[in-house]
Amino acid sequence: MADNASGSGAGPSKAIGSLAKKPPTTRQGTQKFKFTPVLPARRQKVEEVKTEPTPDTIPQDSSRGRGRGRGRGDGRGRGRGAGPRPPVELTASGPFAMGPAMSGNNARRSVPRSNFAIPTPGTDRASLGVGLTRMSAAGIKKENDLKGGKEKDKPSQEDEEVYSEPDEGVEIIDMEDVRQMDWMAPESLRKERCQAKRKVKKEEPADDGVGTVPAAAAEVEVDPANALDLSESEEEEEFEDLIEHFARQEPVTEDPSMREERLYFFQFPSPFPTFAAPAAAIPDSVPEVVAESSTKKVSFADDVKAGSLPGSARGSMAPPEPPAAVKADENPLIDGIIGTLEVYRSGAVKMRLHNGILLDVTAATQPSFLQHAVSLDLAEKRLTVLGEVNKRFVVSPDIETLLTAMEMSERTPPVVKGEDVKMDTS
Amino acid sequence: MDIDDEVVSRIPIRFSNALSPKIQIHQFPLLTRPLQVPPSAAASGKRITARLKPTVQRLEIHIPADTRAEVWNTDRGRELGAARIDDDREKNQESKGKEREGQEPRLSEVRMRSEQIQQKGAHMLGIVRDGQLHLHPISETHQLRPTLTYLDILSRKSKRSRVGGGSDSDSDDGPPPDPDEPAPTPAPKKEKKASGEAREVQVTARKSEDKGGLQQIQNGTSAARREMLIAIRSEEDESWQDLEFHDVTTVESETTFEGIFSQSDDILETETDVTAFLKDISGL
């Protein structure tokens with residue numbers, strides 16, 4: 000239905016655009032635009048309508064703008080551009096961030112930050128199903144929103160869709176707003192937009208006035224700014240993002256009901272270094288436990304650990320460990336400082352562990368679904384949700400350091416060989 | 000990277016394995032909203048529950064469904080609920096009597112069922128607190144998806160009724176049954192709307208496959224298959240253990256959460272070298 004609405008609704012706006020630019024667009028291949036996702040048309044300012052086709056009419060644009068500029072270029076022109084209409088995902092960062100169910104019972108405990116958006120009552124649709132909650136369920140929202148403002152909760156009135164008068168008994172619902180109709184309402188597809196883009200959008204008309212090439216350039220410039228999900232490969236953005244997480248030393252909000260700590264997920268390279276308290280303190284705690292978590296098959300019981308590990312890995316990393324018995328020691332508690340995390344001016348984030356281990360931290364692919372960190376206590380028969388994982392990072396060895404270390408170890412082999420020989424002879 | 004790239008800030012990394020084998024990651028690939036009880040269900044006092052089969056590492060989280068008439072087909076819900084009860088019975092996992100008495104079968108919850116997935120590398124949970132990064136190993140990763148096994152029961156049932164009761168039972172449910180068709184074969188799931196021919200072909204294929212499977216089991220030719228069956232059976236044999244489920248807002252969660260953090264200020268040492276990472280890559 001919104002389909003139709005958008006189809007017919009798109010009429011007017013499109014008409015303007017195509018009237019103005021018909022010949023060039025056909026030459027260029029307007030067809031792409033026919034396939035644009037079903038976006039209901041927005042009220043558009045005239046200038047925007049003009050700006051939109053221009054970049055696309057330029058042949059030069061097709062080289063770049065197609066792949067990259069398309070998705071959002073489209074969005075922009077089609078009606079997205081019509082105004083800074085906030086994305087459908089509504090921002091949440093309040094006690095409501097976890098959804099309606101939470102609203103009642105958070106009094107006694109701080110609520111961790113959530114990845115999910117606040118449910119907002121849709122106030123404007125009064126006449127549909129009476130029992131509907133008018134309250135959307137929380138949905139995942141983007142990282143940007145998370146750090147971003149809380150003020151764009153409600154699309155301002157002027158940004159609302161404008162439709163022709165609906166018939167009697169018929170209500171027009173924007174596909175994107177379906178979510179707000181009820182708690183159970185399905186998710187609408189998310190738009191690849193965020194605030195950063197909006198800024199550029201405003202600049203663009205000016206650029207277009209000057210010439211079209213700048214427009215394209217501007218488009219390119221947009222990318223790093225809003226690219227959390229799109230241009231993960233662009234290092235700059237990535238780094239900025241990382242810093243944001245680690246450099247924040249002060250609690251951002253003073254609201255005590257929010258748990259400020261966010262949960263991160265780190266993927267370390269496979270044998271996680273084994274740490275131990277200085278030998279003098281606890282002589283017998285040979286730390287094999289950590290590695291337990293790094294084995295491929297998650298070894299569940301304690302007794303499965305070190306012995307069953309791939310021998311090569313073990314042998315290479317740990318010097319001959321006399322006490323096999325000590326390994327059976329259950330779960331030596333490891334607790335302490337294992338290194339420092341360094342944030343560089345360039346934006347790089349590195350972990351410097353002891354014994355010269357240097358690791359690069361980069362952002363990993365962020366899944367869009369829910370991830371819980373939980374504690375499953377078998378003895379107590381208790382499953383405790385600790386919170387949502389907010390961000391994933393990949394930690395990889397710093398190549399330069401690694402190579403240097405390899406070189407160093409290359410130099411030592413003679414000794415090792417000698418030992419081997421000795422052992423053989425003996 | 001750059002040599003003259005200076006360090007802007009340093010924060011200590013702390014490590015703790017205090018809760019070591021307990022911490023897991025649960026992913027909900029089909030869930031793009033928080034795990035929570037729908038408001039209407041919450042209002043009637045329903046809660047999320049969880050249960051576990053410890054040896055086979057199978058976890059289920061049950062989330063109450065939103066059964067308001069606006070969004071819920073009650074008749075269908077009953078139908079499916081009955082199927083689920085059958086399914087439960089078959090799989091030896093009936094809930095013990097608590098909602099059995101006098102209550103009609105209803106599909107009142109969504110069951111998210113876990114599947115353990117392999118971890119690549121060493122997974123850590125990191126939390127920045129007081130300017131320090133706390134790490135805690137994650138021992139397992141599970142993915143939870145809704146289980147719909149009761150649909151099998153339902154389709155099997157409708158098929159059986161079609162075969163037994165003749166064409167009057169399900170008028171719009173596809174063509175009349177093949178007379179050669181043996182009654183109790185489990186029906187392939189989504190065949191309802193298939194055209195007559197396509198359906199026959201499907202059924203035939205299914206039959207031969209099943210037979211082959213049976214023979215294989217009898218002959219002991221397919222070890223993999225047998226293994227799978229054994230795994231399934233052992234899972235069915237094990238009984239569920241109910242778990243207390245504590246959401247993030249609970250005190251229990253907070254307590255556990257605090258336990259993640261490293262307490263001691265000891266500086267730990269390691270013998271591990273960077274090269275260990277490289278050496279560990281198999282096949283090098």
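Residue numbers (numbering that gives the first Met the number 0), protein chains in the order written: chain B, 0 to 425; chain A, 0 to 283.
C-beta atoms are modelled at their ideal positions from N, C-alpha and C, and glycine is treated no differently.
Only a predicted model underlies this, so the values are computations on that prediction, with no experimental measurement involved.
CA nearest to the CA of residue i, picked from the options
i, options, result
"B:Arg261", "A:Ile126, A:Ser252, A:His61", "A:Ile126"
"A:Gly44", "A:Gln262, A:Glu268, A:Ser107", "A:Ser107"
"B:Val373", "A:Leu18, A:Lys158, A:Glu268", "A:Leu18"
"B:Arg351", "B:Leu401, B:Val388, B:Ser367", "B:Leu401"
"A:Ile137", "A:Thr146, A:Glu257, A:Lys119, A:Gln131", "A:Lys119"
"A:Arg144", "A:Asp272, A:Phe27, A:Pro11, A:Ile12", "A:Phe27"
"A:Ala42", "A:Ile24, A:Pro63, A:Ala49, A:Lys52", "A:Pro63"
"A:Leu29", "A:Met111, A:Lys52, A:Asn72, A:Glu237", "A:Met111"
"B:Ala378", "A:Leu51, A:Gln131, A:Ile24, A:His25", "A:Leu51"
"A:Asn16", "A:Arg232, A:Ala275, A:Phe256, A:Lys278", "A:Phe256"
"B:Ala404", "B:Lys380, B:Trp182, B:Gly355", "B:Gly355"
"A:Pro20", "B:Gln365, B:Asp376, B:Gln179, B:His371", "B:Asp376"
"A:Leu132", "B:Glu409, B:Gln370, B:Glu341, B:Met407", "B:Glu341"
"A:Arg88", "A:Ile47, A:Thr274, A:Thr148, A:His61", "A:Thr148"
"A:Val109", "A:Pro53, A:Ile60, A:Glu139, A:Glu253", "A:Ile60"
Residue i and residue j closer than 9 Å at C-beta
i, j, result
"A:Lys90", "A:Glu226", "no"
"A:Gln115", "A:His141", "yes"
"B:Gly338", "A:Ser261", "no"
"A:Met123", "B:Phe264", "yes"
"A:His245", "A:Ser113", "no"
"B:Arg344", "A:Glu243", "no"
"A:Ala121", "B:Pro270", "yes"
"A:Arg77", "A:Arg105", "yes"
"A:Ser233", "A:Val55", "yes"
"B:Pro268", "A:Thr269", "no"
"A:Arg67", "B:Met180", "no"
"A:Leu267", "A:Phe14", "yes"
"A:Ile259", "A:Ile22", "yes"
With 16 other Cβ atoms within 10 Å as the buried cut-off, status of residue i
i, result
"A:Val250", "exposed"
"A:Asp265", "buried"
"B:Thr119", "At B:Thr119 the pLDDT is 43, less than 50, meaning the model places this residue with poor confidence; the figure from the coordinates comes in the next sentence. Looking at its Cβ environment, which holds 16 or more other Cβ atoms inside 10 Å, B:Thr119 is buried."
"B:Glu175", "buried"
"B:Ala275", "buried"
"A:Ile12", "buried"
"B:Phe245", "buried"
"B:Met407", "exposed"
"A:Leu153", "buried"
"A:Asp86", "buried"
"B:Glu170", "exposed"
"A:Ala223", "exposed"
"B:Ser307", "With a pLDDT of only 37 at B:Ser307, under the threshold of 50, the placement of this residue in the model should not be trusted, and no figure is reported."
"B:Ala347", "buried"
"B:Pro331", "buried"
"B:Glu399", "exposed"
Under 8 Å by beta carbon: chain A residues contacting residue i
i, result
"B:Gln266", "Lys119, Gly120, Ala121, His122, Met123"
"B:Ile356", "Thr269, Thr271, Asp272, Val273"
"B:Asp181", "Glu69, Val70"
"B:Thr361", "The contacting residues do not exist; B:Thr361 stays about 12 Å from chain A at best."
"B:Thr273", "Thr269, Glu270, Thr271"
Interface residues of chain B facing residue i [CB-CB closer than 7 Å]
i, result
"A:Leu30", "Phe368, Leu369"
"A:Pro11", "Ile336, Thr339"
"A:Lys21", "Ser374, Leu375, Asp376"
"A:Asp74", "The premise fails here: A:Asp74 is roughly 17 Å from chain B at the closest Cβ pair, so nothing lies under 7 Å."
Per-residue contacts from residue i into chain A (C-beta, under 9 Å)
i, result
"B:Glu170", "Within 9 Å Cβ-Cβ: nothing; B:Glu170 doesn't reach chain A, min ~15 Å."
"B:Val342", "Val6, Val7, Ser8, Arg9, Ile10"
"B:Met405", "Val273, Thr274, Leu277"
Contacts of residue i in chain B (Cβ-Cβ under 8 Å)
i, result
"A:Ile126", "Glu260, Arg261, Leu262, Tyr263"
"A:Ile24", "Phe264, Gln370, His371, Ala372, Val373, Val388"
"A:Glu251", "Arg381, Thr383"
Proximal residues of chain B, C-beta to C-beta of residue i below 9 Å
i, result
"A:Leu79", "Residues of chain B passing the Cβ test: none, with the nearest at roughly 16 Å."
Residue i: contacting residues in chain A (beta-carbon distance under 7 Å)
i, result
"B:Thr442", "The shown model of chain B, from 0 to 425, leaves out residue 442 of chain B, and the question about it has no answer."
Practice task
Taking 8 Å as the threshold, find out whether the segment 31-38 of chain A comes into contact with the segment 4-21 of chain A through three or more Cβ pairs.
Solution key: no
Problem - Touching by the beta-carbon criterion (3+ pairs, under 8 Å), the segment 72-81 of chain A and the segment 123-139 of chain A - result: no
Exercise for the section: Answer yes if the segment 373-389 of chain B comes into contact with the segment 345-363 of chain B, meaning at least three C-beta pairs across the two stretches below 8 Å, and no otherwise. Expected result: no
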